[in-house]
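Taking it in order: structure first as structure tokens, then the write-up.
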Amino acid sequence: MNSDLVKIFQEIATLLDIKKVAFKPRAYEKAAFSIESLSEEVGEIYKNKGIKGLEDISGIGGGIAEKIEEYIKTGKIKEYQKLKKELPVDIAGLTQIEGIGPQTVKKLYENLKIKNATGLEEAIKKGLLTTRGGFSKKTEERILKSLGFLKAGHGRYYLGDILPIARDIIEKIKTFPGVEQIEYAGSLRRMQETVGDLDILITSKYPSKIMDFFVKMPGVVEVTVKGETRSAVRLNLDIHADLRVMSPESFGAALQYFTGDKYHNIALREIAIKKGYKLNEYGLFRGKKMIAGKTEKEIYEKLGMAWMSPEIRTNNGEIEVALTHKLPKLIDYGDIKGDLQVQTDWTDGEHSIKDMAEAAKKQGLQYIAITDHTKSLAMTGGNDEKRLLKQMAEIDKINKSLSGIKILKGVEVDIKKDGSLDIADEVLVQLDVVGASVHSHFNLSEEDQTKRIILAMENQHVDILFHPTGRIVGRREAYKLDMEAIIKAAKRTKTILEANGSSRLDLKDEHIRKAIEAEVRIAIDSDAHSIDQFSFLEYGIAQARRGWAEKKDVINTRSWQEMLKLLK
DNA sequence: GCCGTTTTCGGCCCGACTGTTTTCAGTCG
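Residues -11 to 556 (our numbering) make up the first sequence, in order.
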């Protein structure tokens, strides 16, 4: 229901944009955004509090509330259907093609009756864009390129794939003569799950020289934009990179502006206006006078709030909290002392227990829990009770031979279809850390899946629910699950929820935030399967920061002795 | 269409780059 309405309102916004209606499009966009970040179904809100309840949602007033009511009652919105009839095209599909916006969508339909990306491609093949469409050859080429880019599946990249590459590129640009300050901004600086492109900011006395270096840098395949202060290129990994050169007085303003996100920035600029200022990427101004811009901190402070970490800049309440100076002190990237999910070559990991322990120590960790798979996961050679006991004895031996790192005995026990576990309680009780997780029967109904998992959480030995929703970024959707019920059960059964730092990134940030609000603790794990994968902890911490987690909310920020006290 | 510690009416985020525009519209971030 919510996601349908989000799509409809976004589409209404674009349709009104096309008709050049003023201001209404922004109102519909805002409403869509509000609904998207809602934790409750609008249907529930309407049922409990009626149309008044809907109007209490920010960005939703009388008009849109009525439309939601209409949708709840009839399953459709007349106004939307009317607009759609005038322009019956796949707007979202077309506008996601770079360079195509609302007006181009209209032109494509009116001149050529093009309704979607496939139709567009066919029209280009027939040469219709230039012959009858009223488009120039250059525009046609640009659209064709964007289509190819989209078809290759290169939209957004998983954070963990792109962060190391971005850091390399920054190092490379640092070597250009004349580069002073350099930072990356955008979704990468916000450490979002996925990153669309690289936004790099530089200060330099020689902007045009820097631009020349940048567009000729090794790895650049194509230059899409080149100007005095901004250039954009496509790199050989099909990643777009944007470079902007700013003056030092404006560096903080630019960093703030290009870090975003968009909604956070809009909210900030609205606050600036109310205070009689103007905020842009060059600074905060009163009239012509610049009153802040050198650092992000001074801009936030002049706007009446404390500086906040990029990870939480989403306009999901952080601005309101910042205005009252009650921002959470987010967990820091160096705060994790131990890793509670680690696989070894006893199952599907690549390296031995000892190698993993030594690698963890090198990474600065004080302890790890070995949590190999169990027998239900036959493809990984999962441990049965007997082999698990043998592994525990082995860990005792290795612990005696190592210093500076403690190895805890653990398991990633498989939750069977009926919610029971595939390792006997008599063995589980002997372990330090029991993580339980789902690896099969992803297609159960929400009710059955939720019941199944809660049953496992009720086991007195299950300390942590590993990767609770089963999703993998860009690869696999989460299974259907009543997250609210899971969080409630976690509280009741004293089960820790995991924030998995591998490409699962599971729990998601919004669920972490809800868990913490419900005073459920989390564990940030790497789920490392080889010695180089402890670096995944960084992404797990980012995830937790986006979920507003503080150090105290995360059990493995404690020493292993203190951490164990928080388990069942 | 929404909203209010200047307002229940009159505002609504801001600027760079591109194209074919000779003064601005479209798109993007």
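Backbone N, C-alpha and C define an ideal beta-carbon position, used for all residues, glycine too.
Can you tell me whether residue i is buried or exposed, with buried defined as 16 or more other CB within 10 angstroms of its CB?
{"i": "residue 501", "result": "buried"}
{"i": "residue 463", "result": "exposed"}
{"i": "residue 435", "result": "exposed"}
{"i": "residue 579", "result": "The shown model of the chain, from -11 to 556, leaves out residue 579, and the question about it has no answer."}
{"i": "residue 471", "result": "buried"}
{"i": "residue 367", "result": "exposed"}
{"i": "residue 62", "result": "exposed"}
{"i": "residue 515", "result": "buried"}
{"i": "residue 584", "result": "Within the shown structure, residues of the chain are numbered from -11 to 556, placing residue 584 beyond reach of any answer."}
{"i": "residue 46", "result": "exposed"}
{"i": "residue 361", "result": "buried"}
{"i": "residue 106", "result": "exposed"}
{"i": "residue 312", "result": "exposed"}
{"i": "residue -4", "result": "buried"}
{"i": "residue 391", "result": "exposed"}
{"i": "residue 155", "result": "exposed"}
{"i": "residue 206", "result": "exposed"}
{"i": "residue 417", "result": "exposed"}
{"i": "residue 459", "result": "buried"}
{"i": "residue 274", "result": "exposed"}
{"i": "residue -9", "result": "exposed"}
{"i": "residue 381", "result": "exposed"}
{"i": "residue 466", "result": "buried"}
Below 8 Å on the Cβ atoms is my guess for residue i versus residue j; work out the distance and round it to an integer in Å.
{"i": "residue 181", "j": "residue 461", "result": "5 Å"}
{"i": "residue 249", "j": "residue 178", "result": "7 Å"}
{"i": "residue 402", "j": "residue 410", "result": "5 Å"}
{"i": "residue 189", "j": "residue 267", "result": "Incorrect: roughly 17 Å between the Cβ atoms, too far for contact."}
{"i": "residue 128", "j": "residue 118", "result": "6 Å"}
{"i": "residue 87", "j": "residue 120", "result": "20 Å between Cβ atoms; not a contact."}
{"i": "residue 348", "j": "residue 327", "result": "6 Å"}
Would a C-beta distance cut-off of 9 Å place residue i and residue j closer than the cut-off?
{"i": "residue 345", "j": "residue 395", "result": "yes"}
{"i": "residue 535", "j": "residue 488", "result": "no"}
{"i": "residue 56", "j": "residue 75", "result": "no"}
{"i": "residue 513", "j": "residue 525", "result": "yes"}
{"i": "residue 359", "j": "residue 430", "result": "no"}
{"i": "residue 215", "j": "residue 241", "result": "no"}
{"i": "residue 457", "j": "residue 469", "result": "yes"}
{"i": "residue 329", "j": "residue 398", "result": "yes"}
{"i": "residue 337", "j": "residue 247", "result": "no"}
{"i": "residue 533", "j": "residue 299", "result": "yes"}
{"i": "residue 441", "j": "residue 426", "result": "yes"}
{"i": "residue 503", "j": "residue 485", "result": "yes"}
{"i": "residue 93", "j": "residue 100", "result": "no"}
{"i": "residue 386", "j": "residue 350", "result": "no"}
{"i": "residue 20", "j": "residue -7", "result": "yes"}
{"i": "residue 478", "j": "residue 506", "result": "yes"}
{"i": "residue 264", "j": "residue 357", "result": "no"}
{"i": "residue -1", "j": "residue 59", "result": "no"}
{"i": "residue 364", "j": "residue 428", "result": "yes"}
{"i": "residue 212", "j": "residue 232", "result": "no"}
Let me check one thing: in DSSP terms, what residues is residue i bridge-paired to?
{"i": "residue 136", "result": "Residue 136 is not bridged to any residue."}
{"i": "residue 424", "result": "401, 453"}
{"i": "residue 371", "result": "362"}
{"i": "residue 356", "result": "327, 395"}
{"i": "residue 230", "result": "187, 220"}
{"i": "residue 182", "result": "146"}
{"i": "residue 516", "result": "330"}
{"i": "residue 494", "result": "488"}
{"i": "residue 211", "result": "221"}
{"i": "residue 319", "result": "Answer is none; residue 319 lacks a bridge partner."}
{"i": "residue 522", "result": "Paired residue(s): none; residue 522 is not in a bridge."}
{"i": "residue 530", "result": "Answer is none; residue 530 lacks a bridge partner."}
{"i": "residue 273", "result": "266, 278"}
{"i": "residue 171", "result": "189"}
{"i": "residue 622", "result": "The shown model of the chain, from -11 to 556, leaves out residue 622, and the question about it has no answer."}
{"i": "residue 409", "result": "403"}
{"i": "residue 464", "result": "460"}
Could you tell me if the beta carbon of residue i falls within a distance shorter than 8 Å of some heavy atom in the ligand COA?
{"i": "residue 57", "result": "This structure lacks the ligand COA, and indeed carries no ligand of any kind."}
For this session: Report yes or no: do three or more beta-carbon pairs, one from the segment 319 to 335 and one from the segment 292 to 299, lie closer than 8 Å?
Result: The segment 319 to 335 is not in contact with the segment 292 to 299.
For this session: Would you check if there are 3 or more beta carbon pairs closer than 8 Å linking the segment 146 to 157 to the segment 213 to 232?
Result: Short answer: they touch.
For this session: Decide if the segment 197 to 204 is in contact with the segment 159 to 170; the criterion is three or more beta carbon pairs, one per stretch, under 8 Å apart.
Result: Result yes; three or more Cβ-Cβ pairs closer than 8 Å.
For this session: Would you check if the segment 253 to 260 and the segment 296 to 310 touch, i.e. whether three or more CB-CB distances between them fall below 8 Å?
Result: The segment 296 to 310 vs the segment 253 to 260: in contact.
Problem set entry | the segment 365 to 380 / the segment 537 to 545 touching (three or more Cβ pairs under 8 Å) | Using a C-beta cut-off of 8 Å, the segment 365 to 380 makes no contact with the segment 537 to 545, since fewer than three inter-stretch Cβ pairs fall below that distance.
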